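Asks: Positions 1 to 344 (the UniProt record's numbering) are the ones given, in order, by the sequence shown.
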Amino acid sequence: MNSLVGTARRWPDWAPRAAQLWSVFYGALALHWLLGGRAGFPIANVRGDPPGGSITAAVVAAVLLLGCVAGILSAQSSSPRATFALVIATGTAAVGTFGLAVSGVGIIASGKVERPLALVAQLAALVGALLLFATTRVQSRRRRSRCPRCGGCHPLALRPAAPLVRRRSSRASTRTRRTAYLLLLGLLPWATVKVVWGCGGDALGVTSSEWRTSMDESDLSVLSRLLEHFGLDITVLAALVGVLLVHTLLHRWGLRLPRWLLLLPAWIGGVSLTLYGVPLTVWGSLTLVGVAPASDDPDPFTPTGLAWMILFGGLAFTTLGTALTLAARSYHRRTQPTCAPPPR
1 MNSLVGTARR WPDWAPRAAQ LWSVFYGALA LHWLLGGRAG FPIANVRGDP PGGSITAAVV
61 AAVLLLGCVA GILSAQSSSP RATFALVIAT GTAAVGTFGL AVSGVGIIAS GKVERPLALV
121 AQLAALVGAL LLFATTRVQS RRRRSRCPRC GGCHPLALRP AAPLVRRRSS RASTRTRRTA
181 YLLLLGLLPW ATVKVVWGCG GDALGVTSSE WRTSMDESDL SVLSRLLEHF GLDITVLAAL
241 VGVLLVHTLL HRWGLRLPRW LLLLPAWIGG VSLTLYGVPL TVWGSLTLVG VAPASDDPDP
301 FTPTGLAWMI LFGGLAFTTL GTALTLAARS YHRRTQPTCA PPPR
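1. Less than 7 Å between the beta carbons of residue 128 and residue 93, yes or no?
2. Would residue 184 pass as a contact of residue 62 if the rule is Cβ separation under 7 Å?
3. Measure the alpha-carbon distance for residue 312 versus residue 64 and round it to whole angstroms.
4. Which class does residue 105 belong to by DSSP, given the choice of helix, strand or coil?
5. By Cβ distance, which residues of its chain are closer than 7 Å to residue 332, with the 5 residues on each side in sequence left out?
6. By a C-beta neighbour count over all protein chains shown, 10 Å radius and 16 as the cutoff for buried, is residue 218 buried or exposed?
7. Near residue 88, which residues of its chain fall below 7 Å by C-beta distance, leaving aside the five closest residues on each side in sequence?
8. When you compare each of 291, 256, 319 to residue 169 by their alpha carbons, which one comes out closest?
9. Suppose contacts are defined by Cβ-Cβ distances below 7 Å. Is residue 330 in contact with residue 172 by that definition?
10. Using a Cβ distance threshold of 8 Å, determine whether the stretch 258-274 contacts the stretch 303-319, with at least three qualifying pairs required.
11. Looking at residue 40: is its Cβ nearer than 7 Å to the Cβ of residue 118?
12. With DSSP as the reference, please indicate the residues paired to residue 338 in a beta bridge.
13. Can you tell me whether residue 258 is buried or exposed, with buried defined as 16 or more other CB within 10 angstroms of its CB?
14. When DSSP builds the beta bridges, which residues end up paired with residue 206?
15. Using the beta-carbon count (16 or more within 10 Å), is residue 334 buried or exposed?
16. Assuming the contact rule is C-beta atoms closer than 8 Å, residue 235 and residue 124 should be a hit. Round their C-beta distance to whole Å, please.
17. What does the alpha-carbon distance come out to for the pair residue 112 and residue 192?
18. Would you kindly check if the distance between the Cβ of residue 165 and the Cβ of residue 340 is under 7 Å?
19. For the structure I just gave you, are there three or more beta carbon pairs, one from the stretch 131-145 and one from the stretch 205-217, closer than 8 Å?
20. Cα separation between residue 250 and residue 54?
21. For the alpha helix (DSSP H) holding residue 12, just list the boundary residues, first then last.
22. With a threshold of 8 Å on Cβ separation, who are the neighbours of residue 194 within its own chain once the five nearest residues in sequence on each side are excluded?
23. For the alpha helix (DSSP H) holding residue 279, just list the boundary residues, first then last.
24. From the DSSP output, in three-state form, read off residue 5 for me.
25. Tell me whether residue 78 sits in a helix, a strand or coil according to DSSP, three-state version.
26. Thinking residue 126 and residue 100 are a contact (beta carbons under 8 Å), I'd like their distance in whole angstroms, please.
27. Between which two residues does the alpha helix (DSSP H) harbouring residue 141 extend?
28. Residue 314 and residue 280 - do their beta-carbons sit closer together than 7 Å?
29. In the structure shown, what three-state DSSP assignment does residue 317 receive?
30. Write down the C-beta distance between residue 57 and residue 33 rounded to the nearest angstrom, noting that I regard them as a contact closer than 8 Å.
31. With distances taken between CB atoms, is the gap from residue 246 to residue 327 smaller than 7 Å?
32. Identify the continuous alpha helix (DSSP H) that holds residue 234 and give its terminal residues.
33. Cα-Cα, which of 294, 278, 244, 178 is closest to residue 98?
34. When burial is assigned at 16 or more other CB atoms within 10 Å of the CB, is residue 28 buried or exposed?
Structure representation (structure tokens):
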């Protein structure tokens, strides 16, 4: 146990090396995708076909590969140029987590994993994003002659075994809370439509019976079917969990919980939901104004109804993801631990 604690306290020493090794591994995987391989490609439908075909897949793979190269070349350096490259590498690794939160909800809703290799690739990208993010912070702090562990004004940790002490904090600022709450309002159109169907009403040209029929024809877990029997949609419940997480991050009661227990799901949900929601929002909007073609098979929707549902879903994903990211950033800053001073 002591050795594990010691290793955790020395994370500024091993994080850059681990990030570099991860970049080599994931770079090989990105090269495989760039050369036409599709095994585990993270941005694709259940059949493994990426949206936009091979051109989109090649562009995404090239971006991921360039990010890995940046991570390999920059992880061990604290120069300004290397720090910038690490920021780019972190962002591209985050792209690899595309749809991870949605995949998690999908597994609960259907009771099975549609694309196991893609899920593994998404989780691998998550590990890399965390390692690269940590490395970016370490190298940035070293460049500014700050403590690489806590960012304090002392250039090195006060003691090799100095514990990290969590600072006292309060709830998030009024401005942050108001912004997060306004963002959460973006869930209302999508959630309202789902609730109307669950309560037996009609919305977007689809009756409640038509919606239930489409659900019955889908692969749903026992839990999902049980909730559907009572008119509850599991995705709406998952969104409510996200709303609760936002509130917890913004208020004092969240300070009583371990940081990782809140920050890990918040960062995962924030980044992956936003990445997933923005393209849907754009696609739905362009379809409604006639720039993008409507779906050829919108059943049970009308083409216009499906475009509205895509827009509502994309808006819900985007706003919930942005609210989670904003709340996680505030919580991370307010609870950042510092090195404990040596005893006198």
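Ideal Cβ placement from N, Cα and C applies to all residues, glycine included. Note that this is a predicted model, so its numbers are computed, not measured.
Replies: Well, looking at it:
1. yes
2. no
3. Taking the straight line joining both Cα atoms gives about 29 Å.
4. helix
5. 263
6. exposed
7. The answer, listed in chain order, is 67, 70.
8. 256
9. Contact flag set, yes.
10. yes
11. yes
12. 165
13. exposed
14. 203
15. buried
16. Residue 235 to residue 124, Cβ: 26 Å. No contact.
17. Residue 112 and residue 192 have their C-alpha atoms roughly 27 Å apart.
18. yes
19. no
20. Looking at the two C-alpha atoms, the distance is approximately 42 Å.
21. 11-34
22. 233, 235, 236
23. 259-288
24. With a pLDDT of only 43 at residue 5, under the threshold of 50, the placement of this residue in the model should not be trusted; the figure read from the coordinates follows. Residue 5 falls in the helix class under three-state DSSP.
25. coil
26. 6 Å
27. Counting along the chain, residue 141 sits inside the alpha helix (DSSP H) bounded by residues 116-143.
28. Cβ distance < 7 Å, so residue 280 and residue 314 count as in contact.
29. helix
30. Confirmed, about 7 Å.
31. yes
32. 234-250
33. 278
34. It counts as exposed.
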